[in-house]
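For reference, the structure is listed below as structure tokens.
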Amino acid sequence: MQELATDPVINFRTVGIALGLRCNYECAHCINHSGPSQRDSMDEADALRLIESISRESHNICFTGGESLLYKNKLLRCMSSAKDQGLTVSLVSNGFWATTQEAARETLTELKASGLTGICISMDSFHLPFGNPEHALYTATLCREMGLNHVIRVCAAATDAFADAFVNVDKHPGVNFQRVPVLRMGRASTLPIEHFKTKQEIPDQSCDTALAPIVLPNGKVQACCGPGVEFNDANPLNLGDWREESLDVILKRARTNPLIAALHNIGPVGIISLLNGVDGSTKPIRRAEYTGVCELCVDMCNNPRVVDSMASVFEQPNVKLKLIAGQAYQQCYTFLEQNQFLDLPEFKQEP
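Numbering follows the working numbering, with no gaps: position 69 of the sequence shown is 447.
Following this line, the structure appears as structure tokens:
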């Protein structure tokens with residue numbers, strides 16, 4: 379792997395790659411409309427070339443979709459290539475293949491041999507018509523036995539008896555759960571409002587997903603997975619098209635993108651504050667309620683006037699310095715945390 383660049387520095391947490399958007403499930407909350415009718419898929423030669431580019435701009439790669447294991451042989455070869463190029467390999471899956479413990483162990487063994495280090499298994503009330511929660515649980519247990527990182531991601535509705543009972547670390551010791559609210563985006567935009575936890579206040583949070591761009595089979599490279607289905611053509615979080623220019627060029631350009639740095643460091647509300655200091659009339663349309671910060675971000679970045687104002691503000695020297703300093707702080711803190719330096723006495727604050 380080449381040395382990572384050190385510009386106003388964005389180091390991607392991971393880069394996602396979707397070999398296809400076809401899925402054998404058709405969940406009512408799916409943010410990118412994955413399902414059996416999706417036909418977009420990536421040629422293996424293209425995928426291998428894109429993986430090589432990713433290895434020059436990130437330490438990590440995540441195979442997502444769709445359901446990647448519907449393309450199992452291609453997936454295994456692509457994972458092996460990623461491993462050979464020094465990438466840490468993870469995978470998102472609905473776990474359909476784990477019909478028995480033996481079947482789960484067999485597939486996990488193949489995945490690990492091909493370079494897998496961690497897996498995110500999707501299981502929630504929206505997956506119940508298609509999958510079995512017990513399969514997700516014993517797959518998680520097998521991951522622990524085999525030295526694979528794991529998490530079961532549970533997208534929970536506002537009132538969700540299944541999630542309340544399922545996400546139980548006392549009942550399922552050693553299983554890692556990630557409970558997240560369902561967003562009113564993608565296929566979920568057609569769900570009744572009762573499914574969502576809503577707030578009238580503008581969501582005030584930064585975005586870690588901005589550091590996880592995704593490479594799609596239709597050529598698009600977008601700054602985050604999921605909400606991209608809501609982007610209009612002029613949205614600046616459409617980073618490029620790998621069919622028209624090198625993915626190396628697209629990712630290098632993204633790593634010095636002040637919008638991505640701002641979303642990560644100060645979030646949409648922080649950006650609105652910067653805009654108010656220049657032109658108080660430049661604001662996204664206010665929604666009656668929000669289910670998450672992604673809605674605010676999409677509204678801002680789909681608005682040409684707001685986009686133009688953001689580009690102007692990001693050119694100001696003092697704003698550039700703030701973004702560079704913020705990104706440097708985030709990366710230093712992440713390094714200290716990952717290497718457990720924050721547990722040392724000299725890093726602990728006095729009571």
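No residue lacks a Cβ here, since even glycine has one placed at the ideal position from N, Cα and C.
Any idea if D538 is buried or exposed, counting beta-carbon neighbours within 10 angstroms, 16 or more meaning buried?
In the sequence shown, residue 538 corresponds to position 160, counting from 1. So D538 counts as buried.
Rounding to the nearest angstrom, what Cα-Cα distance links L382 and L506 in this structure?
Counting from one through the sequence shown, the residue named residue 382 turns up at place 4. Counting from one through the sequence shown, the residue named residue 506 turns up at place 128. Unreliable placement is indicated for L382, whose pLDDT of 39 sits below 50; no coordinate value is reported for it.
So A534 and D502 are in contact, right, with Cβ under 8 Å, and what is the actual spacing, rounded?
Walking along the sequence shown from the start, residue 534 turns up at place 156. Walking along the sequence shown from the start, residue 502 turns up at place 124. Contact flag correct, Cβ pair sits at about 6 Å.
When DSSP labels each residue in this structure, what does G564 get in the three-state scheme?
Counting from 1 along the sequence shown, the entry for residue 564 is found at position 186. DSSP places G564 in helix when its eight states are reduced to three.
Can you round the beta-carbon distance between R557 and V545 to whole angstroms, since I take them to be within the 8 Å contact cut?
Residue mapping note: residue 557 aligns to position 179 of the sequence shown, counting from 1. Residue mapping note: residue 545 aligns to position 167 of the sequence shown, counting from 1. Between the beta-carbon of R557 and that of V545 there is about 5 Å, and that keeps the pair under the 8 Å contact cut.
What is the DSSP secondary structure of R391, reduced to helix, strand or coil?
In the sequence shown, the residue the question calls residue 391 occupies position 13. Looking at R391 - three-state DSSP - the assignment turns out to be coil, as it is neither helix nor strand.
From the DSSP output, in three-state form, read off I571 for me.
By 1-based counting over the sequence shown, the position of residue 571 is 193. Correct three-state label for I571: helix.
One or two residues paired with A534 in a DSSP bridge
Residue mapping note: residue 534 aligns to position 156 of the sequence shown, counting from 1. Paired residues: P559.
Work out the CA separation of T392 and V529 for me, nearest whole Å.
Working through the sequence shown from its first residue, we reach residue 529 at position 151. Working through the sequence shown from its first residue, we reach residue 392 at position 14. Taking the straight line from one Cα to the other gives about 16 Å.
Start and end of the alpha helix (DSSP H) containing T519?
For the purposes of this step, residue 519 is identified with residue 141 of the sequence shown, where counting begins at 1. Looking at the DSSP string, the run of the alpha helix (DSSP H) that includes T519 is P511 to M524.
Taking the beta strand (DSSP E) that T485 belongs to, which residues open and close that run?
In the sequence shown, residue 485 corresponds to position 107, counting from 1. Per DSSP, T485 belongs to no beta strand (DSSP E); it is in the alpha helix (DSSP H), Q479 to A491.
Quick test of your reading: L426 and C456, contact by CB under 8 Å. State the CB separation rounded to the nearest angstrom.
One-based indexing of the sequence shown puts residue 426 at position 48. One-based indexing of the sequence shown puts residue 456 at position 78. Yes, L426 and C456 are in contact; Cβ-Cβ is about 7 Å, under 8 Å.
Take the Cβ of I432 as the centre, count every other Cβ of all protein chains shown within 10 Å, and call the residue buried at 16 or more, exposed below.
Your numbering for residue 432 matches position 54 in the sequence shown. Result: buried.
Neighbourhood of G704 by C-beta, 6 Å cutoff - its chain only, sequence neighbours within 5 removed:
On the sequence shown, position 326 is the one that residue 704 refers to. Closer than 6 Å at the Cβ level, and outside the excluded window around G704, lie N643.
In the DSSP assignment, find the unbroken beta strand (DSSP E) run with V599 in it and report its ends.
Here residue 599 refers to the residue found at position 221 of the sequence shown. Element bounds for V599: K598 to Q600.
Determine, using beta carbons only, whether D626 and R434 come nearer to each other than 8 Å.
In the sequence shown, the residue the question calls residue 626 occupies position 248. In the sequence shown, the residue the question calls residue 434 occupies position 56. Yes, the pair counts as a contact, with Cβ atoms nearer than the cut-off.
Cα separation between P581 and V647?
Counting from one through the sequence shown, the residue named residue 581 turns up at place 203. Counting from one through the sequence shown, the residue named residue 647 turns up at place 269. So the two alpha carbons sit approximately 7 Å from each other.
F441 - DSSP class collapsed to helix/strand/coil
Along the sequence shown, read from residue 1 onward, the residue named residue 441 stands at position 63. F441: strand per DSSP, three-state reduction.
Under the three-state reduction of DSSP, which class applies to K549: helix, strand or coil?
Taking the sequence shown and counting its residues from 1, the one referred to as residue 549 is at position 171. In this structure, K549 counts as coil in the three-state DSSP scheme.
Bridge partner(s) assigned by DSSP for A498
Residue numbering aside, residue 498 sits at position 120 when the sequence shown is read from its first letter. Checking the sequence, you will find Cys at residue 498 rather than Ala. Answer by DSSP bridge pairing, in chain order: V470 and V529.
Please name the residue in F390, T477 and F574 whose C-alpha comes closest to that of Y516.
In the sequence shown, residue 516 corresponds to position 138, counting from 1. Of the candidates F390, T477 and F574, the one whose C-alpha sits nearest the C-alpha of Y516 is T477.
Spatial neighbours of N438 within its chain, please: CB distance less than 6 Å, with the 5 preceding and 5 following residues excluded, ordered by chain position.
For this step, residue 438 is matched to residue 60 along the sequence shown. If we look at N438 and ignore the five residues flanking it on each side, its Cβ neighbours are T392 and T466.
Secondary structure of Y449, DSSP reduced to three states
Taking the first residue of the sequence shown as 1, we reach residue 449 at position 71. In the structure shown, Y449 sits in a helix (DSSP, three-state: H, G or I).
So, with DSSP's three-state summary, where would you put V647?
Here residue 647 refers to the residue found at position 269 when the sequence shown is read from its first residue. In the structure shown, V647 sits in a helix (DSSP, three-state: H, G or I).
Cα-Cα separation, M379 to I628:
Indexing the sequence shown from 1 puts residue 379 at position 1. Indexing the sequence shown from 1 puts residue 628 at position 250. With a pLDDT of 43 at M379, under the threshold of 50, the predicted position of this residue should be treated as unreliable, though the coordinate-derived value follows. Rounded to the nearest angstrom, the two C-alpha atoms are 18 Å apart.
Roughly how many angstroms separate the alpha carbons of L653 and L594, rounded to a whole number?
Locating residue 653 in the sequence shown gives position 275, counting from the first residue. Locating residue 594 in the sequence shown gives position 216, counting from the first residue. One C-alpha to the other measures close to 32 Å.
Quick one: grab the DSSP three-state call for G464.
Start at 1 with the first residue of the sequence shown, and residue 464 comes out as number 86. In the structure shown, G464 sits in coil (DSSP, three-state: anything other than H, G, I, E or B).
Nearest-angstrom Cα distance between Q479 and S458?
Here residue 479 refers to the residue found at position 101 when the sequence shown is read from its first residue. Here residue 458 refers to the residue found at position 80 when the sequence shown is read from its first residue. Their Cα atoms are separated by approximately 24 Å.
Run the CB neighbour count on V691, radius 10 Å, all protein chains shown included, and call it buried at 16 or more, exposed below.
Your numbering for residue 691 matches position 313 in the sequence shown. By the 10 Å Cβ count, V691 comes out buried.
Could you please give the first and the last residue of the uninterrupted beta strand (DSSP E) stretch that includes L617?
By one-based count along the sequence shown, residue 617 stands at place 239. First-last of the beta strand (DSSP E) with L617: N616 to D619.
Cut-off 8 Å between Cβ atoms - residues of its own chain near T384, not counting five sequence neighbours on either side
As a working note, residue 384 is residue 6 in the sequence shown. For T384, the predicted structure reports a pLDDT of 39, less than 50, and the residue's modelled location is therefore unreliable. A value from the coordinates is still provided. Once the five neighbours on either side are set aside, T384 has no close Cβ partner at all.
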